[in-house]
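Novice:
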Amino acid sequence: PFKSRRKDWTHSDDYSVTQRFARDAREQGTQLILYESVRDPEHGGCAAVLSPEAFTPGQAPKTETWFLTVTPKGVVWQRESGEYFEFAWS
């Protein structure tokens, strides 16, 4: 049912429809939303976790330290291990 509104779900700078959808989904008890990445050129998959119950019970929590650097050219997310992801402003 969502394919007919794909333009709403994949709009590059208007998040009002997707934010309303997530708010309604959370109110209905939805724990997880899987969706298409807007910014990934290959349109990879993403997940929005709306509730901690979405995680498998009994799993030991894994924590990581990330650093966010914002510059005039873009942003860099870097793990404490040194791995990083860089995104340029468009």
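At position 55 of the sequence shown the residue is numbered 63 (this note's numbering), and the sequence of numbers has no breaks. Ideal Cβ placement from N, Cα and C applies to all residues, glycine included. All values reported here derive from a predicted model rather than from experimental measurement.
What is the DSSP secondary structure of Glu91, reduced to helix, strand or coil?
Specialist: Here the question's residue 91 lines up with position 83 in the sequence shown. In the structure shown, Glu91 sits in coil (DSSP, three-state: anything other than H, G, I, E or B).
Novice: Using the C-alpha atoms, what's the distance from Phe93 back to Lys81?
Specialist: The residue you call residue 81 lines up with position 73 of the sequence shown. The residue you call residue 93 lines up with position 85 of the sequence shown. In a straight line, the C-alpha of Lys81 is about 14 Å away from that of Phe93.
Novice: Between the stretch 17-26 and the stretch 39-48, do at least 3 Cβ pairs fall closer than 8 Å?
Specialist: Result yes; three or more Cβ-Cβ pairs closer than 8 Å.
Novice: Closest by CA to Gly90, which one among Ser59, Phe75, Gln36?
Specialist: The residue given as residue 90 occupies position 82 in the sequence shown. For the residues Ser59, Phe75, Gln36, the minimum Cα distance to Gly90 belongs to Phe75.
Novice: So, helix, strand or coil for Glu61, using DSSP?
Specialist: Counting from one through the sequence shown, the residue named residue 61 turns up at place 53. In the structure shown, Glu61 sits in a helix (DSSP, three-state: H, G or I).
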